[in-house]
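In this note's numbering, each residue's number is its place in the sequence shown (first place is 1) plus 20.
For reference, the structure is listed below as structure tokens.
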Amino acid sequence: MPEPLSGAPLVIAGKANNALVVHALEARAERLGLYPGQPLANARAMVQPLRVVPADEKADAALLENMADWCDRFTPLVTLDAPDGLYLDISGAAHLFGGEAAMLEDVLTRIAAQGFAIQGAIAGTSLAARALARYRNRTIAPPGGAAKAVSPLPIAALDCDAKALRALRHAGLKSVGQVAQRQPGELAARLGQDFVRRLRVMLGQAQDPLAPRRPLPDLMAEQRFADPVVSRDVTAATLLALAQSLCGLLERQGRGARILQAAFFRADGKTERIAVRMAAPLRDPAVMLRLLNQKLDALADPLDPGFGFDLIRLEAVLAEETKSATVSFDVDANARRQVLFLIDRLSARLGESRVLRFLPQDTHIPEAAAAAIPAQDDDFEDGAWPAPADPPPRPLRLLERPEEISHVVAAVPDAPPARFRWRQCLHEVARAEGPERIAMQWWHHPGATRDYFRVETRSGQRFWLYRDGLYRQAGLAPRWYLQGIFA
């Protein structure tokens with residue numbers, strides 16, 4: 021925030037329709053007759069001297085996102101009202117802060133203490149609360165009283181475009197209540213159905229549910245501190261206690277956490293979040309804490325408590341039903357749990373996209389026979405690979421892309437190569453098996469075929485290569501490629 025000016029009034033200028041206009045202004049400039057949307061040239065002509073600062077919309081949007089993160093301490097359902105507003109759905113949360121009046125005062129006081137000019141209101145619908153916040157600061161509309169609360173407001177509170185405002189003024193309407201007395205059909209014919217819908221929402225006659233900016237957690241547990249904490253030991257102990265509470269909730273519902281997120285709310289308004297995923301539903305608090313610590317240790321920028329955390333929250337962003345495990349004396353079930361835990365630890369430390377598994381695909385094309393997916397995304401019981409043949413008809417090691425080979429000597433029409441050059445080395449073939457013909461997808465490569473050969477060179481190297489296409493009486497000769505190497 022800029023320091024208070026003792027000289028010229030301050031306005032923020034931005035571009036609109038290829039012209040500079042007043043984007044925002046301070047109270048002194050507004051008292052002198054300036055207003056948002058006014059051409060900057062007109063503002064300079066009206067007020068001299070005038071301090072002009074260029075608008076930075078990206079920085080404003082980032083600041084609004086940070087404020088929304090900070091407001092998550094009051095409710096997990098926070099929505100942006102760009103460019104300068106926030107919606108907080110406090111249904112079922114106000115009693116945690118002493119009621120609606122105490123909660124509103126707490127929110128406004130804390131945000132004002134961070135150096136912001138802030139206004140707020142509470143109503144049954146988002147548009148009613150928005151209008152009251154801008155024109156009747158600190159108003160709390162009782163349940164069912166939104167229409168009465170917004171009726172005295174000027175028609176500018178409807179937040180409609182300039183054309184609609186001119187039409188309302190031309191009709192002699194000055195307040196929201198006067199507009200509400202008109203017939204909906206009349207308003208729709210003149211201003212459109214969207215205007216009528218927004219008016220009904222503002223009056224509390226219809227609902228417009230908020231779309232949360234973050235996925236709402238299935239379950240969560242949190243700990244508030246009277247004095248901010250900075251110690252890593254206290255943070256770890258708090259996370260363990262929250263994990264135990266969360267696991268208790270999960271156990272009662274027969275579910276386990278698949279995505280776990282820890283949120284650390286700093287006293288200075290900054291919020292830090294870390295998330296870990298699990299390969300299988302989990303409700304073991306010790307394992308949860310270990311995975312969270314793995315994630316914290318892997319952060320490029322260590323978790324900075326600043327002046328301390330005044331709230332720590334643990335959320336089960338995604339919880340799934342757990343399957344009953346069959347008790348057995350063999351080690352298969354325990355080995356599987358160990359593998360899943362290893363995958364979770366590696367994913368927390370290295371990143372989910374770097375720990376992969378391969379799923380078999382229903383295709384004969386070698387390079388498309390397997391798809392790499394994050395190892396935590398699917399159950400290991402699905403997509404089992406068939407038992408390998410002995411000896412394997414295809415190599416386990418394939419090149420990332422088939423590499424073309426040159427100087428191929430082979431008998432026409434479908435004999436294996438007797439000699440070829442690959443990576444500047446000439447290879448003489450001692451033994452060969454094949455061909456194994458594979459037809460490509462006719463809808464992508466009509467008429468295309470590959471003839472695969474397993475060859476062994478005189479030096480003992482074993483390769484998997486193919487001829488792309490067939491020999492013909494006319495046209496170009498087929499090309500040869502090497503795709504894999506037998507171990």
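Don't be surprised by glycine CBs; every beta carbon is placed ideally from N, CA and C.
Cβ neighbour criterion (16 or more within 10 Å) applied to residue i
i: L97; result: buried
i: P172; result: exposed
i: P498; result: buried
i: S367; result: buried
i: G289; result: buried
i: A563; result: Not covered by the structure: residue 563. The range shown for the chain is 21 to 507.
i: P74; result: exposed
i: E77; result: exposed
i: Y491; result: exposed
i: Q281; result: buried
i: A339; result: buried
i: N37; result: exposed
i: C445; result: exposed
i: D525; result: The requested residue 525 does not occur in the structure, where the chain is confined to residues 21 to 507.
i: D181; result: exposed
Rounded C-alpha distance that separates residue i from residue j
i: Y55; j: G205; result: 34 Å
i: E387; j: E420; result: 8 Å
i: M460; j: H384; result: 8 Å
i: R156; j: A141; result: 8 Å
i: V307; j: G328; result: 26 Å
i: A149; j: A395; result: 45 Å
i: A166; j: A283; result: 34 Å
i: R154; j: L230; result: 19 Å
i: L259; j: S265; result: 10 Å
i: W463; j: A430; result: 30 Å
i: P422; j: Q503; result: 4 Å
i: L219; j: K183; result: 16 Å
i: D238; j: A39; result: 48 Å
i: A390; j: R487; result: 22 Å
i: H115; j: A392; result: 48 Å
i: E120; j: N62; result: 43 Å
i: L480; j: G489; result: Here residue 480 is Gly; the residue named in the question, Leu, does not match the sequence. Those two C-alpha atoms are separated by around 28 Å.
i: L319; j: L124; result: 36 Å
i: T346; j: R470; result: Because T346 carries a pLDDT of 49, less than 50, the predicted location of this residue cannot be relied on, and the following value inherits that uncertainty. Approximately 47 Å, taken between the alpha carbons.
i: W442; j: S426; result: 7 Å
i: A336; j: R210; result: 49 Å
i: D109; j: A355; result: 45 Å
Beta-carbon contacts of residue i that lie in its chain and below 8 Å, excluding the five residues immediately before and after
i: P413; result: E456 and R474
i: A452; result: P436, P437, F473, R474, V475 and E476
i: P163; result: G144
i: F285; result: W90, D92, R93, T291, F329, D330, L331, I332 and R333
i: P29; result: L45, E46, R48, A49, L52, L54, V67, L70 and R71
i: P174; result: Y155, K194, S195 and V196
i: R244; result: D330 and L331
i: L207; result: V199, F215, V216 and L219
Presumed contact (8 Å Cβ cut-off) between residue i and residue j, rounded CB distance
i: I505; j: R417; result: 5 Å
i: G276; j: L269; result: Their Cβ separation, rounded to whole angstroms, is 11 Å, which puts G276 and L269 out of contact at 8 Å.
i: F450; j: R482; result: Note that residue 450 is Ala in the sequence shown, not Phe. Not a contact, Cβ separation roughly 10 Å.
i: L262; j: A287; result: No, L262 and A287 are not in contact; Cβ-Cβ is about 19 Å, not under 8 Å.
i: A44; j: I32; result: 4 Å
i: V42; j: Q58; result: 5 Å
i: P380; j: W484; result: That pair is no contact at about 18 Å.
i: P305; j: C267; result: 5 Å
i: T95; j: A113; result: 5 Å
i: V432; j: W500; result: The pair is not a contact, with the Cβ atoms about 13 Å apart (cut-off 8 Å).
i: A177; j: L185; result: With a Cβ gap of about 11 Å, A177 and L185 do not count as contacting.
Same chain, Cβ closer than 6 Å to residue i, five either side skipped, listed in chain order
i: I138; result: L128, I131 and A132
i: R64; result: L70
i: V250; result: P325 and G328
i: D397; result: none
i: P22; result: With a pLDDT of only 45 at P22, under 50, the local geometry of the prediction cannot be trusted, and no value is derived from it.
Cβ-based neighbour list, residue i, same chain, cut-off 7 Å, excluding 5 preceding and 5 following
i: Q201; result: none
i: S146; result: Y107, D228 and L230
i: L152; result: A141, A143, T159, A161, A169 and V170
i: L360; result: A299 and A300
i: L100; result: L84, A88, L106 and R233
i: D434; result: P455 and D471
i: L316; result: I294 and L323
Contact test: residue i Cβ vs the ligand NAD heavy atom, cutoff 7 Å
i: I138; result: The ligand NAD is absent from the structure shown, which contains no ligand whatsoever.
**Prompt:** Does the region 304–316 come within contact of the region 374–384, defined as at least 3 CB pairs closer than 8 Å?
**Reply:** no
**Asked** Is it a yes or a no for the region 314–323 touching the region 291–306, going by three-plus beta-carbon pairs under 8 Å?
**Response** yes
**Asked** Can at least three beta-carbon pairs, one atom from the region 79–99 and one from the region 205–217, be found at a separation below 8 Å?
**Response** no
**Prompt:** How about the region 219–233 and the region 248–261: do they share at least three Cβ pairs that are nearer than 8 Å?
**Reply:** no
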